[in-house]
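There are 2 protein chains.
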Amino acid sequence: MVTIKDVAKEAGVSVATVSRVLNDNGYVGADTREKVMEAISKLNYSPNEVARSLYKRESRLIGLLLPDITNPFFPQLARGVEDEAAREGFRLLLGNSDEKAKKEQEYIQTFLQNNVVGVISATNRADDGIYEPLSIPLVLMDRTSGAYPSVYADGREGGRLAAKALVERGAKKITLIKGPAHVKPAMERFQGALEVLGAAEVDFSVLSTDSYTFDAAKGWAEELFRVHPDTDGVIASNDIVGIAILHEALRLGKRIPADVQVVGYDDIPQSSLAYPPLSTIRQPAYDMGREAAKLLIRLIKKQSITETAVELPVAFIDRQTTRGGTHDEES
Amino acid sequence: MVTIKDVAKEAGVSVATVSRVLNDNGYVGADTREKVMEAISKLNYSPNEVARSLYKRESRLIGLLLPDITNPFFPQLARGVEDEAAREGFRLLLGNSDEKAKKEQEYIQTFLQNNVVGVISATNRADDGIYEPLSIPLVLMDRTSGAYPSVYADGREGGRLAAKALVERGAKKITLIKGPAHVKPAMERFQGALEVLGAAEVDFSVLSTDSYTFDAAKGWAEELFRVHPDTDGVIASNDIVGIAILHEALRLGKRIPADVQVVGYDDIPQSSLAYPPLSTIRQPAYDMGREAAKLLIRLIKKQSITETAVELPVAFIDRQTTRGGTHDEES
């Protein structure tokens, strides 16, 4: 294995000089730097990251904590984080918390034990004290809290857009699906929708749900049309629930969107492939991931940041489950 | 910060004794061990994993290399790996290769720089030399190769089951979608289907495709019914493509499954929520992830293993896109 000593010998400089070049600290003349870089390249030397991390007290690792990578909203976020992190030479330690405090704490602990230099977390527990002992940068993603820098989408506006879409398209008996109470973004979009429905001349009902899983979604969909058979517009808590409702409405022989209009939330990749393609509120998941990584890396590098709360815009995507939607699918 | 010295002092033993307890090597009496464990617990001491990894020349990190976490088949695999790894106290470094050799090599390199103790890879390049320099255990997942231990599903049988399902259900003009040629499992299921179709009394056509992305799938679906308008059975290369075909068939006014039967592949979570729910070949993705992690950890711990090629079974899931499927959905 090639060592730093071999590089120093090849370049005709001291080990300390090679170290200064590698760690980019202390003065090294341009000629010397070039000689060292040539020696590194020639010998195909790769510094041991672990030794380096112990020496510098820092690694190139970022901890990424998600509720559950099998929820189709999160892979896009994870990809965004990873692509940006990789571009800057950082790698990801991945954890799924299942939104359980104990798992969240355990992961934070092992992230620290592995000397991560920063953490990105999609947590609903930013204010529960779990993150207080962290002495390294933390960025909240898809979540916000006054206490930490965060990157999130405008959930309240998303809820408003969903409700406006149905009201403007003539729905008169709307069912608003309320997502899990402990999931903050779910509550924000719910409040936004409630605000618009409360001010509009429509009847509406609220159906409370406590999870986003596929299996549960089928159950809510059945309950919805049993309890509110004359519903002509549904604001779903997310796309999974929206697709389950679509499916149940079709099974009951309802025409979409003539009898029932449905608006989802998230714009997961599957939504444009639903039948009919689901109208929804698009959250920029991939961009959220990239922006969270960008912000975290700026914090890790102690670069100046102009905003600590990065709010990304949402948009109504008018497909075929709302009246007057495009029949040619945008991509 | 609590150090190993504090633990030694609290327990009234030497630092070397605490180290022996922590690393589980050398003789330590039961009483002494208990005193040390109590001191660790009382002081809430957590050994620095990085220092430990440098000292022991090993970490608790596993590198997981996937083609793309945003392909809905892979999150289940990743969860399976993570759940089993976490159970055994290991953490995951995650990389997406996009099936590009350069990215794959870069990730393997940085995994090594971070002292991972093992690698799980869903790669099509196991025999290209990328993995030869690895001196740590490697397990292939969702892929197999004579050269390395592997955990995979029986793709050839999956292809056979899909073709048999359509032949037995009376399809006479079948289109077989051939997945990307460089993806080995895609070729195995294709060969399996071909074997059955070749021996059956049916007409069939093959449509070659070169990716699994959602956007591309829509294009293949349109092409299929343009080129083969009388197709009455489709064996899709995966569920994404299957759902796109379903969608296009419905758009063209075809009845499912009376006019066209469709069988997907994978049984991603979205398939049971398709309209109509997609009949498919189930791959045990989560179990594959768990088994891959189990096998890797046994190799890391130098425990004996009985098989180095773990083949998991696949099953035909008879939903509503094939004739005679259940109308009550299994969960």
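Protein sequence lines, in the order shown, are assigned to chains A and B. For the first sequence, our numbering begins at 1 and goes up steadily by one. For the second sequence, our numbering begins at 332 and goes up steadily by one. Virtual Cβ for every residue (Gly too), placed ideally from N, Cα, C. Quick caveat: nothing in here was measured; it's all calculated off a predicted structure.
Just verifying my parser: in three-state terms, what is the DSSP assignment at residue i?
i	result
L207 of chain A	strand
T32 of chain A	helix
D259 of chain A	coil
V15 of chain A	helix
M368 of chain B	helix
L92 of chain A	strand
L22 of chain A	helix
T441 of chain B	helix
K103 of chain A	helix
F647 of chain B	strand
Y606 of chain B	coil
D563 of chain B	coil
L408 of chain B	helix
D6 of chain A	helix
I400 of chain B	coil
I467 of chain B	coil
K504 of chain B	strand
R189 of chain A	helix
Y386 of chain B	Per-residue confidence for Y386 of chain B stands at a pLDDT of 49, beneath the threshold of 50, marking its modelled position as unreliable; the derived number appears in the next sentence. Helix.
L581 of chain B	helix
D546 of chain B	helix
R654 of chain B	coil
Y617 of chain B	helix
V167 of chain A	helix
I461 of chain B	coil
What residues from chain A crowd round residue i, counting only those whose CB sits closer than 7 Å?
i	result
N427 of chain B	R79, E82
One question on the structure: do residue i and residue j come within less than 9 Å of each other, judged by their Cβ atoms?
i	j	result
A236 of chain A	F73 of chain A	no
R156 of chain A	I281 of chain A	no
G394 of chain B	G449 of chain B	yes
R474 of chain B	A457 of chain B	yes
S279 of chain A	A165 of chain A	yes
I451 of chain B	A640 of chain B	no
D68 of chain A	R410 of chain B	yes
A605 of chain B	Y275 of chain A	yes
D259 of chain A	A249 of chain A	yes
T363 of chain B	V346 of chain B	no
P75 of chain A	P406 of chain B	yes
F442 of chain B	L424 of chain B	yes
Note down, in chain order, each residue of its chain lying with its Cβ closer than 6 Å to the Cβ of residue i, except the 5 sequence neighbours on either side.
i	result
A39 of chain A	V7, E10, A11
G426 of chain B	L396, Y438
G233 of chain A	L166, A171, I174, Q261
T334 of chain B	none
L138 of chain A	V119, Y131, Y148
V349 of chain B	I335, V338, A339, V367
I628 of chain B	E419
Beta-carbon within less than 8 Å of residue i's beta-carbon, same chain only, minus the 5 sequence neighbours each way: which residues are those?
i	result
L538 of chain B	T506, L507, I508, K509, W551, E554, L555, V558, H559
F535 of chain B	K504, I505, T506, L507, L528
P313 of chain A	A153, D154, E157, P284
R339 of chain A	Lying outside 1 to 331, the shown extent of chain A, residue 339 of chain A is not represented and no answer is given.
Q105 of chain A	I130
T653 of chain B	A496, L497, R500, P588, Q592, V593, V594, S610
H182 of chain A	E99, N124
Q191 of chain A	R156, G159
M37 of chain A	V21
Does residue i get closer than 9 Å to chain D when you measure Cβ to Cβ?
i	result
L497 of chain B	Among the chains of the structure shown, chain D does not appear; the protein chains present are A and B.
Interface residues of chain B around residue i at Cβ under 7 Å?
i	result
Q76 of chain A	T401
R91 of chain A	L424, T441, N445
Applying a beta-carbon distance threshold of less than 9 Å, which residues of chain A neighbour residue i?
i	result
R650 of chain B	The premise fails here: R650 of chain B is roughly 12 Å from chain A at the closest Cβ pair, so nothing lies under 9 Å.
Can you pull the chain B residues whose beta carbon is under 8 Å from the beta carbon of residue i, in chain order?
i	result
L61 of chain A	L424, N445
Determine the chain A residues that contact residue i at a beta-carbon separation under 8 Å, and present them in chain order.
i	result
L581 of chain B	Y275
Ignore the nearest five residues each way along the sequence and tell me which others in residue i's own chain have a CB closer than 7 Å to its CB.
i	result
G420 of chain B	R391
L54 of chain A	For L54 of chain A, the predicted structure reports a pLDDT of 48, less than 50, and the residue's modelled location is therefore unreliable. The matter cannot be settled from this model.
- Just by C-beta distance, which residues in the segment 194-225 of chain A are closer than 8 Å to chain B? The segment 194-225 of chain A vs chain B, Cβ under 8 Å: F214, D215, A217, K218.
- Compile a chain-ordered list of the residues in the segment 601-612 of chain B whose CB is closer than 9 Å to at least one CB of chain A. Answer in chain order: Q601, S603, L604, A605, Y606, P607, P608.
- May I ask you to list, following chain order, the residues of the segment 560-577 of chain B that have a beta carbon less than 9 Å from some beta carbon of chain A? Within the segment 560-577 of chain B, the residues whose Cβ lies closer than 9 Å to any Cβ of chain A are, in chain order, I571, I574, A575, L577.
- the segment 113-140 of chain A: positions lying closer than 8 Å to chain B by Cβ: Taking 8 Å as the upper bound on Cβ-Cβ separation, chain B lies near residues Q113, N114, N115 of the segment 113-140 of chain A.
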